[in-house]
Amino acid sequence: MSTILLNAFGLFLIILVGFFLKKGGLVSKSDGKVLSNIIVTITLPATVIVGMNTMNITADFILLATIAVAMNLILVFTAKFLWRKDSYLDRVFFMYCISGYNVGNFTLPFIQSFYPLALPYLFMFDVGNCIMIAGGSKIIVESSHPDFDKKQATQLLSQALLRSIPFMTYLIMVILRFFSISLPAFSIDIFKLFSSANGFLSLLMIGIYLELHLPKTAMIKVLKILSWRYAFGALFAILFYFVLPFDNPLVKIVLTVLAFAPIPTFAVINSVAAGVKEEVTGFISSVSILLSLAIMTIVMILIT
24 MSTILLNAFG
34 LFLIILVGFF
44 LKKGGLVSKS
54 DGKVLSNIIV
64 TITLPATVIV
74 GMNTMNITAD
84 FILLATIAVA
94 MNLILVFTAK
104 FLWRKDSYLD
114 RVFFMYCISG
124 YNVGNFTLPF
134 IQSFYPLALP
144 YLFMFDVGNC
154 IMIAGGSKII
164 VESSHPDFDK
174 KQATQLLSQA
184 LLRSIPFMTY
194 LIMVILRFFS
204 ISLPAFSIDI
214 FKLFSSANGF
224 LSLLMIGIYL
234 ELHLPKTAMI
244 KVLKILSWRY
254 AFGALFAILF
264 YFVLPFDNPL
274 VKIVLTVLAF
284 APIPTFAVIN
294 SVAAGVKEEV
304 TGFISSVSIL
314 LSLAIMTIVM
324 ILIT
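Quick note on numbering: the sequence shown equals residues 24 to 327 in the working numbering.
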């Protein structure tokens, strides 16, 4: 228990460092954007390559990707139904922020600090998760708009996934491992130099983006979204840990913890692009990260 709390505090401390660096004027939100680009294009792909280079593609991995897609679909369609009578902008906000899981920037460094051997399972979950947050969920969300062109849905999804460097890295590594091809050891040693910075940079970036100011008029919306999101998280966690018969304990642990992962960055970006105020999306994302850190730490204590 003490080890878990110490690791969780260390992760929280990195977030605080980023937050106070911004408050002190040493860095700005624009620096967070630079970090985000470095993470998405360099350190996260390197982490994926290192983590997947020796894994064997099994039924568990395929199951995890399928579960990720199913979880996203359940959440986004639930939000679409629950808020079907709300304005289009509110419905978009709810649908984006209730679904999706922040794996690369948050859950990855969290689980890596406790269960490094669980990373391949986490990556395969994120394959399915990427399909949804990078394009699948966006198509479902925008399908309720009267001007949406259904004929372009497949093309939009394909373009979004092809432009996603993390997803393409996953895809290439899955194909290589399907044919039992591994990258040479010297190249993995080089990738490790980049991947070792991923956890720190990701959490530092979260701290830089952390926003704790919210207009009072949006408080009810934020509370609704977070309440539904974490209620479903609890249901999923109970299902994964107590009901579904997973033979591999690491699969059970990964899914149980992932059920409480925070709102993904794509949800924030897409919400702002749709017209939701940036301070509202920034606040809900920040609160979600802090809540997830606390809940995931408690869950880790309870299941280990």
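Beta carbons: idealized from backbone N, C-alpha and C, even for Gly.
Since the model is a prediction, treat every value here as computed from it, not as a measurement.
Q.
Tell me which residues share the same chain as F117 and place their Cβ nearer than 7 Å to its Cβ, disregarding the 5 neighbours each side in the sequence.
A. If you number the sequence shown from 1, residue 117 lands on position 94. Cβ within range, chain order: A102, W106 and I248.
Q.
Buried or exposed for T66, going by 16 or more other Cβ atoms inside 10 Å?
A. On the sequence shown, position 43 is the one that residue 66 refers to. Answer is buried; the Cβ neighbour count reaches 16.
Q: State the DSSP-derived secondary structure class of F32, mapped to helix, strand or coil.
A: Position 9 of the sequence shown holds residue 32. In this structure, F32 counts as helix in the three-state DSSP scheme.
Q. Quick one, which of I211, T327, G33 and D113 has its alpha-carbon nearest A241's?
A. Counted from its first residue, the sequence shown places residue 241 at position 218. Checked all of I211, T327, G33 and D113; the closest Cα to A241 is D113.
Q: Could you tell me whether the Cβ atoms of I211 and N76 are closer together than 8 Å?
A: Mapped onto the sequence shown, residue 211 falls at position 188. Mapped onto the sequence shown, residue 76 falls at position 53. In contact: I211 and N76 (Cβ atoms closer than 8 Å).
Q. So L87 and M147 are in contact, right, with Cβ under 8 Å, and what is the actual spacing, rounded?
A. Counted from its first residue, the sequence shown places residue 87 at position 64. Counted from its first residue, the sequence shown places residue 147 at position 124. Contact holds; Cβ gap of about 4 Å.
Q: State the DSSP-derived secondary structure class of G47, mapped to helix, strand or coil.
A: Working through the sequence shown from its first residue, we reach residue 47 at position 24. Note: G47 maps to coil in three-state DSSP.
Q.
Beta-carbon within less than 8 Å of V322's beta-carbon, same chain only, minus the 5 sequence neighbours each way: which residues are those?
A. Here the question's residue 322 lines up with position 299 in the sequence shown. Result list for V322: A260, T279, V280 and F283, in chain order.
Q | Host alpha helix (DSSP H) of S250 (start-end) | A | As a first step, residue 250 must be located in the sequence shown, where it is residue number 227. Here the alpha helix (DSSP H) through S250 covers M242 to I261.
Q) Should M24 be labelled buried (16 or more other beta-carbon atoms within 10 Å of its own) or exposed? A) The sequence position of residue 24 within the sequence shown is 1, counting from 1. Its Cβ having fewer than 16 others within 10 Å, M24 is exposed.
Q: Flag this pair as touching only if the region 292-302 and the region 261-276 have three or more C-beta atom pairs under 8 Å; answer yes or no.
A: Contact fails between the region 292-302 and the region 261-276, because fewer than three Cβ pairs, one in each stretch, are under 8 Å apart.
Q: Ignore the nearest five residues each way along the sequence and tell me which others in P287's own chain have a CB closer than 7 Å to its CB.
A: What you label residue 287 is simply residue 264 of the sequence shown in a count that begins at 1. Closer than 7 Å at the Cβ level, and outside the excluded window around P287, lie G123, Y124, N125 and I156.
Q) In whole angstroms, what separates the C-alpha of L227 from that of L58? A) By 1-based counting over the sequence shown, the position of residue 227 is 204. By 1-based counting over the sequence shown, the position of residue 58 is 35. Those two C-alpha atoms are separated by around 9 Å.
Q) Using a Cβ-Cβ distance under 8 Å, would D212 count as near chain C? A) Here there is only one protein chain, and chain C is not present.
Q) Just how far apart, CA to CA, sit G298 and E165? A) The count along the sequence shown starts at 1 and reaches residue 298 at position 275. The count along the sequence shown starts at 1 and reaches residue 165 at position 142. Looking at the two C-alpha atoms, the distance is approximately 13 Å.
Q. Hey, would you say F133 sits closer than 8 Å to L36, going by beta carbons?
A. Locating residue 133 in the sequence shown gives position 110, where the first residue counts as 1. Locating residue 36 in the sequence shown gives position 13, where the first residue counts as 1. No, Cβ-Cβ distance for F133 and L36 is not below 8 Å.
**Q.** Between the CA atoms of A31 and T130 - distance to the nearest angstrom
**A.** Reading the sequence shown from its first residue, position 107 is the one you call residue 130. Reading the sequence shown from its first residue, position 8 is the one you call residue 31. Rounded to the nearest angstrom, the two C-alpha atoms are 12 Å apart.
Q: Hey, could you find the ends of the alpha helix (DSSP H) R107 is sitting in?
A: As a working note, residue 107 is residue 84 in the sequence shown. No alpha helix (DSSP H) holds R107; DSSP gives it neither H nor E.
(Q) Counting beta carbon pairs with one atom in the region 229-239 and one in the region 41-59, are three or more of them shorter than 8 Å? (A) Taking 8 Å as the limit for Cβ pairs, the verdict is that the region 229-239 does touch the region 41-59.
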